[in-house]
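K.L.:
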Amino acid sequence: MDGPGTISWDEFLANAESFIIVSDQISDGWQLRGNKEVPTEAYLVRQKKHIISNEINAENSSTVENWSEKLCEDPYEASFRNERPLIIEHHILWSMSYSVPVLYFNGWKSDFPGINRISVEEAQGLINGSALNYSELSQAIHPILGTPYLQLHPCMSHELLQYTHKSKNKLVSWLSFVAPAALRLDIKQEYHKLTL
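Residue numbers (full-length UniProt numbering): 1 to 196.
The following block contains the structure:
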């Protein structure tokens, strides 16, 4: 499928390769994995570790406050930080069916990817200022890895790509649209120069 609102495999690959060059220059951690010779077999990937605060529910907060009032602070005791790691991995693939980029991502509430995976509901709670519907974010099997990932459905990408027809790198332009809905996916400003 070619035309407005789509991107060919060759264009996706060229856009991804220029994206990787910028990523390497700014040490942003993106990689291009897979077989570039076979359409849909190569993809962009980045894994980042974030530290997020644990939420203390209302039932326990009064108990914690009572205990902290009763206990003296020991200057030799290690301080307690109410935080935990969150490892997030983003994959950008090309969909042959839709001829658009597709974003897959996962998050793990652990220092070890694969252990304690976040659910769709938890992902929606971690996405600040975004009101996603289940029709937009769902769990799907990663077409290359064959494991469950969260996916932003590609049906809206066609429309978003129509707005980027003048962009010299449609992948970066599309990514700037979808990044806020993709679980802490930050796109640095240095990538913007690829679109001009």
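Here a beta-carbon is modelled for each residue, glycine too, at the ideal position from N, C-alpha and C.
What you are looking at is a predicted structure, and each value in this text was computed from that prediction instead of being measured.
Taking one C-beta from the region 18-30 and one from the region 135-154 each time, how about it: are there three or more such pairs within less than 8 Å?
P.N.:
Cβ pair count under 8 Å is below three, so no.
K.L.:
Please report the residue range of the alpha helix (DSSP H) in which His158 lies.
P.N.:
First-last of the alpha helix (DSSP H) with His158: Ser157 to Gln162.
K.L.:
Any heavy atom of the ligand FAD closer than 7 Å to the beta-carbon of Glu83?
P.N.:
The model on display carries no ligand, and the ligand FAD is accordingly not part of it.
K.L.:
So, with DSSP's three-state summary, where would you put Ser173?
P.N.:
Ser173 falls in the helix class under three-state DSSP.
K.L.:
Would you call the CB atoms of Tyr98 and His158 closer than 8 Å?
P.N.:
A contact, by the Cβ cut-off of 8 Å.
K.L.:
In the DSSP assignment, what are the bridge partners of Val102?
P.N.:
According to DSSP, Val102 bridges with Leu93.
K.L.:
What residue from Ser23, Ile88 and Asn106 has the CA that sits closest to Ser138's CA?
P.N.:
Taking only the C-alpha atoms, the option nearest Ser138 is Asn106.
K.L.:
Can you give the Cα-Cα distance for Glu41 and Ile52, rounded to whole angstroms?
P.N.:
About 33 Å.
K.L.:
Check whether the region 83-95 touches the region 175-186, counting contact only when three or more Cβ pairs, one atom from each stretch, lie closer than 8 Å.
P.N.:
Yes, the region 83-95 touches the region 175-186.
K.L.:
For Leu13, which three-state DSSP category applies?
P.N.:
Leu13: helix per DSSP, three-state reduction.
K.L.:
My assumption, with CB atoms under 8 Å, is that residue 202 sits in contact with Ser95. Please give the rounded CB distance.
P.N.:
The requested residue 202 is not part of the displayed model; the chain covers only 1 to 196.
K.L.:
List the endpoints of the continuous beta strand (DSSP E) containing Gly146.
P.N.:
Looking at the DSSP string, Gly146 is not in any beta strand (DSSP E), and its letter there is neither H nor E.
K.L.:
Compute the Euclidean distance between the alpha carbons of Ala14 and Asn82, then round it to the nearest angstrom.
P.N.:
Their Cα atoms are separated by approximately 43 Å.
K.L.:
CA-CA distance, residue 285 and Trp30?
P.N.:
This structure leaves residue 285 out entirely; the chain is present only between 1 and 196.
K.L.:
Nearest to Phe177 by alpha carbon, out of Ser110, Met156, Asp24 and Lys36?
P.N.:
Taking only the C-alpha atoms, the option nearest Phe177 is Met156.
K.L.:
Thinking just about the alpha-carbon of each residue, which of Asp24, Leu161 and Pro39 is nearest to the one in Leu175?
P.N.:
Nearest of Asp24, Leu161 and Pro39 to Leu175, Cα basis: Leu161.
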